[in-house]
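Peer 1: Quick note: to get the working numbering, add 11 to the position in the sequence shown (first position is 1).
All C-beta atoms in this analysis are idealised placements derived from N, C-alpha and C, irrespective of residue type, glycine included.
Below you'll find the structure I mean.
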Amino acid sequence: MNRVSRYFIITILVVATVAGSLTFRSSIFPPTITLADGTPRSESPYDLVQLGISGAINDLVVEKLADTGEETVLATTNKGMYIIRQQKIERFIFTPGPVKRIATIDDANGDGVRDAVVTINDSRYPNVRCYDTVSGDMLWQYSQKQRVFVEGMGWTLRHAEPTALVVIDGNCVVYAAGNVLVMLDGSNGKRLAVYDFNDQSIELSHISAVSDVDGDGADDLVAAGFWSTNTSGSREVVLYVFSHNIGRLIRSVEIDLQSSGFELYTMKPVEVQKMPGKSKALVTLSKSTISSGGVTTLDSVWLADLDTGDVSKKSVKTVLNAGDRDGDGYDELLNWDAGSASATATLEDGETGDDLWSLTVPDKLGVPQILTVGGKRVALAARLSGNTTNNKMAFAVVDTAHGVLLNDIEITTIPLASGSASSNMLSKYIYGYGDNNLLFALGSGLLCVDDDGDTLWDVPIFNDSNVVCGDITEDVLFYSHQELKSGDVVARRLIAIDGGTHRPAWIYTVSYDDFSNGGGLAYVQLVSDLNGDGKQDIAAYVKDGSVNKIVELSGKDGSVISEIALGEKIYSLDFIPYAASYSYAVTTKTASVVIDRAGAVLWSKEFAEWSSDIGEDEHVEIRVIEDLNADGVPGLITLLPHMAAVSKSNGWLAYADHKIYDMSNAVMVEYKDMFRDFNGDGVSDIVITKTEVSGTAQKTSTVVVSPVSGDEILRFEKQPFIDPAYADFNGDGFADHLVYQAYYIEGGPSESTRIVRDLYVISGRDGSELCKLAIYRNPNISASYGDDSFKMPACAVADVTGDGNPDLALYVYEVHSLGVYYFGPAHEVETYIEIYDVAQGKSVKKIPLVLPTTMGGTKSCNLIREIGDVNGNGSKDIIIDTGDGLMIADIATGQTISMFEHYSDSGGEMVDVTDAGTLCVKDKADFYYVDMINDLAITAPTAASITGSPVRLSWDSGLADSFAIVTVDGVMAGQTNAGYFDLSLTEGEHVVAIGVSDEYGKSTYAEITFSVSKGVSPAVFAIVLCVVLGTVLFLPRYVRRMPKSE
């Protein structure tokens, strides 16, 4: 065979190999993605308003980032990173996943300020990133690829999630991702080195710099983690000592835990004890043992010599590096032995191991932290004896140089109901700030105090919130929701969000000192325009020390309009919108009271005049309802423990009893926060769940009581969720009610407990049952029971059938039996939205609750609502709260249009729909305006086209930094961060679906149907033809010039 023929064949083979490998290229991401010229990433597709720091802090850096100025605080959470400077949040950087680790590096962009490197727990996007600490712009990002097995997809490449981070030499970034160590240049994010153990049983969790171990003059690294044995399943702690550039593993040091299957070990941050020419590692392990008596946790400390590999176990539970006290180059160790009544601290000489001093503190103390205060190196430990007040926290201060107990530092804390004031995920929660100040990372937020403990400033953490939408405009009142140890539920911060700009119009914050003394805002509510500026205003109750008052705030700018002094504490507050004389209805410990805006009592009635059956700890609420007797004055309902007392106006300044609904035979009464007009008389009705005793049995029912007649107008068994006067489903001119019930049915001796979820449509004309529809379908199989039973999983939708009446959309959870196998009965679950015609009594459509790019895994449903036309096809769409996100589906086609993820496990709530494509979403302490418009368009191939294989699938999503999943004929094909994906397909028709997600939680979906013919695609054929022609035309000239072989 001549050379031309051989080259021709080789060329064809190379081209064929390249064409065949196109299928895999789209799954391989570039190792480093750098933004040119420091260009910041694009903005998120929504406007985000936060009350403060959202959620617990994962990691914290307190550092002076420039030669001038004060310290900057960099705090990371599950939502992103906060840059806090000059006592306020200066920047918030949203990330695609939780930020677990943060470190600072030398200035990477030339602005003279040190920058930040973070690691993100997310496998879809590059997850090691560098941010400018002034502007918040991303300077570079990197990720290490990891081959993983994905169910339904097979083996693929994903971004390996980082597990540890350290910066050495100022700008050399070293991080661990499972069993891989990676070293990056901090100035540009380029990879310098990588060390792969190629052992999935290794889990690296900590990295630290250590003194030179291999004698090359440069500091080395130690990486610590767990190693799981393949035989017994037990775990060991291994310390891996690496050379400076991680190119060589010097040695490994093992700590045999001798663990059993009933023990769980976790590792605290590894400390390094430095000494001339070598280092030792302090490893603190927490062992949790599971037994019949519960879970017990015990700490142990191990000291590992990284030069010799020797390991010894310390006799105390806490050992801290106290630094080099006497300048001999050896770090001393602080041994801390805390008991139930006292704590003993001992300073151990780093060179000899001798005790330099010992001190016993006669009190129960927490784990200490060592830092510098007022120029002294001290250990601070919280006093846990319980002799402090609810809003005070005392710290014992030990001078580590001399072993002397100094004066306590006492700080003021927020007395939250859940957890202690210091409850936080951080192992270290006290930092030095400035020369003499301290920064505490507490469960309530960041608190900066001076060396006497006096509060200087704080940045609060919020985990929950409330939202009230304005009646006149699209403005929103967004405020925090916190429960104190006293049982009071209060707000510390209020934000008025402008409905036009989606940005805060003003912010009102209760001072730290006032709030720590119980001075939050309770019973926050919108009221009428009190100052005549055309805006609704705000009223709330404040307990300011010993002073009780109602504060009125301007809805326009948040300024205080007036303060109304009260003589005692109140337990409910409701505004009376009587235009002739605005006033307030309140309840005290003993009476219902109406006061004017000057604080004068206009009317009052003692509870004892209605009922004497009020317990010492029971509090009574009052509600304002509509006018009962056509005199223009609103009525009142006093909600007593076993009686609802309705009062009507008897001329202004006076109220008289109107109706009494007695429940003296009930053993339990619960008033539902659901005052709506059920019977069309123009007055809001009362919804009450009560448990009554009949003989030896108890029966729970929910009733709707009319304040006008005092009679029950509706009665339901159990505790339903009711959406009153919802829509006229049967065309009789009356709005009908939706009633949703969820309850258990106890099984017999050989039966399991079942959950029943039913939806009723109740006639607005006469209260009769128009239809009953099961949410859970298959009574023989039990299903889970969740909090979604308190939301309405159904809604009215525009007429689908064309009979002129609205139809009903409801969530259905249907279980299909697959028969009985040797391991027992098998079944599968199908979830979908059913469109039901109430008037005709038939089901007309099913919309599957399965994302187009998800293999299996159906979605649940908490709430459904009809919205406008999101995808522009002329029909309205529906939005489904799935518990982990908001999913929009097209009613006409039944296809998923887009989805917005909630990053929290719970707390997400859809507030409003401002237009066809914009949603208002509250997620714990965050408020979003989310653009849900689907801009995803598949650009190639075209629908119904015929093409060859391989096929390049291309699309334009309009989403920045996107991540896509592709399925073919319902089978997952792969994932990519590029805007294309190559597929090798068989001959015939195929349905390809794509889901594109951005870093901010928005996903859009599209699908296309096309056919594949025999042979290669025209594009590949053209490439092959060009290569072949080039080979035929130019290769002979090259061959003639080649020297002939001997």
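Could you compute how far the alpha carbon of residue 986 sits from the alpha carbon of residue 202?
Peer 2: Using only the alpha carbons, I get a separation of about 24 Å.
Peer 1: Is residue 619 helix, strand or coil by DSSP?
Peer 2: Helix.
Peer 1: Which residue comes first and which comes last in the beta strand (DSSP E) that contains residue 524?
Peer 2: Per DSSP, residue 524 belongs to no beta strand (DSSP E); it is in the alpha helix (DSSP H), 523-527.
Peer 1: Going by C-alpha distance, which of 462, 456 and 438 is nearest residue 445?
Peer 2: Residue 462 is the option with its Cα nearest to residue 445.
Peer 1: From which residue to which residue does the beta strand (DSSP E) around residue 448 run?
Peer 2: From DSSP, the beta strand (DSSP E) with residue 448 extends over 448-453.
Peer 1: Suppose only complete runs of 3+ residues qualify. What are the beta strand (DSSP E) ranges in the segment 147-211, listed by chain order?
Peer 2: List check, beta strand (DSSP E) in window: 149-153, 156-161, 165-170, 175-179, 183-188, 191-196 and 202-207.
Peer 1: Mapping the DSSP letters down to three states, classify residue 699 as helix, strand or coil.
Peer 2: Reduced to three states, the DSSP call for residue 699 is strand.
Peer 1: Between which two residues does the beta strand (DSSP E) harbouring residue 298 extend?
Peer 2: Here the beta strand (DSSP E) through residue 298 covers 289-302.
Peer 1: Anyone know if the C-beta pair for residue 947 and residue 904 falls short of 7 Å?
Peer 2: For residue 947 and residue 904, no; Cβs fall outside 7 Å.
Peer 1: What is the residue span of the beta strand (DSSP E) that residue 357 lies within?
Peer 2: Note, residue 357: beta strand (DSSP E), 354-359.
Peer 1: Determine which residues share a DSSP beta bridge with residue 883 and list them.
Peer 2: BP columns for residue 883 are empty, so no partner.
Peer 1: If I measure Cβ to Cβ from residue 876 and keep anything under 6 Å in the same chain, skipping five residues before and after, which residues do I get?
Peer 2: Excluding sequence neighbours, residue 876 sits near 806 and 890.
Peer 1: Of all Cβ atoms in chain D, is any one closer than 7 Å to the Cβ of residue 741?
Peer 2: The question asks about chain D, but that chain is absent: this structure has only one protein chain.
Peer 1: I need the boundaries of the beta strand (DSSP E) containing residue 669, first residue and last residue.
Peer 2: First-last of the beta strand (DSSP E) with residue 669: 666-673.
Peer 1: Please name the residue, chosen from 962, 135, 149 and 142, that lies closest to residue 155 on a Cα-to-Cα basis.
Peer 2: If we check each option's Cα against that of residue 155, 135 comes out closest.
Peer 1: Using the beta-carbon count (16 or more within 10 Å), is residue 284 buried or exposed?
Peer 2: Label assigned to residue 284: buried.
Peer 1: Taking Cβ to Cβ, would you say residue 503 is nearer than 7 Å to residue 526?
Peer 2: Their beta carbons are under 7 Å apart, which means residue 503 touches residue 526 by this criterion.
Peer 1: If residue 339 and residue 359 are in contact, beta carbons under 8 Å, what's the gap, nearest whole angstrom?
Peer 2: Not really, about 14 Å apart at Cβ, beyond 8 Å.
Peer 1: Alpha carbon to alpha carbon, what distance is there between residue 627 and residue 670?
Peer 2: Spanning the two alpha carbons is a distance of roughly 26 Å.
Peer 1: If you follow the beta strand (DSSP E) that residue 646 is part of, which residue opens it and which one closes it?
Peer 2: Per DSSP, residue 646 belongs to the beta strand (DSSP E) from 645-651.
Peer 1: Should residue 968 be labelled buried (16 or more other beta-carbon atoms within 10 Å of its own) or exposed?
Peer 2: By the neighbour-count rule (16 or more Cβ atoms within 10 Å), residue 968 is buried.
Peer 1: When DSSP builds the beta bridges, which residues end up paired with residue 752?
Peer 2: Answer by DSSP bridge pairing, in chain order: 769.
Peer 1: Would the C-beta of residue 292 count as close to the ligand MG, meaning under 6 Å from any of its heavy atoms?
Peer 2: Among the components of this structure there are no ligands whatsoever, and the ligand MG is therefore not found.
Peer 1: Is residue 872 helix, strand or coil by DSSP?
Peer 2: Note: residue 872 maps to coil in three-state DSSP.
Peer 1: Quick check on the DSSP output: the beta strand (DSSP E) that includes residue 236 runs from which residue to which?
Peer 2: Start and end: 231-239.
Peer 1: Can you give me the Cβ contacts of residue 431 inside the same chain, cut-off strictly under 8 Å, excluding the 5 residues immediately before and after it?
Peer 2: Because residue 431 sits at a pLDDT of 46, beneath the cut-off of 50, its placement in the model cannot be relied upon, and the following sentence gives the value as read from the coordinates. Here the set comprises 454.
Peer 1: Skipping 5 residues on each side, what residues in its chain have a beta carbon closer than 6 Å to that of residue 630?
Peer 2: Around residue 630: 582.
Peer 1: Which stretch, first to last residue, makes up the beta strand (DSSP E) that contains residue 663?
Peer 2: That residue, residue 663, is in no beta strand (DSSP E); it is neither H nor E in DSSP.
Peer 1: In this structure, what does DSSP give as the bridge partners for residue 559?
Peer 2: Answer is 554 and 577, bridged to residue 559.
Peer 1: In chain order, what residues of the same chain have a beta carbon less than 8 Å from the beta carbon of residue 599, not counting five sequence neighbours either side?
Peer 2: 579, 580, 581 and 582, listed in sequence order.
Peer 1: Between the C-alpha atoms of residue 819 and residue 848, what's the straight-line distance to the nearest angstrom?
Peer 2: If you take the alpha carbons of residue 819 and residue 848, they lie about 6 Å apart.
Peer 1: Taking only runs of the beta strand (DSSP E) that begin and end inside the segment 374-428, which ones reach a length of at least 3 residues, in chain order?
Peer 2: List check, beta strand (DSSP E) in window: 380-384, 387-393, 403-410 and 415-423.
Peer 1: Along the chain, which unbroken stretches of the beta strand (DSSP E) at least 3 residues long are found entirely within the segment 948-982?
Peer 2: Correct list: 948-951, 962-967 and 974-979.
Peer 1: Do residue 317 and residue 249 count as a contact pair if the criterion is CB distance below 7 Å?
Peer 2: Cβ distance not < 7 Å, so residue 249 and residue 317 don't count as in contact.
Peer 1: When we look at the beta-carbon of residue 255 and count the other beta-carbons within 10 Å, is it buried (16 or more) or exposed?
Peer 2: That one is buried.
Peer 1: Are the CB atoms of residue 682 and residue 650 nearer to each other than 7 Å?
Peer 2: Yes, the pair counts as a contact, with Cβ atoms nearer than the cut-off.
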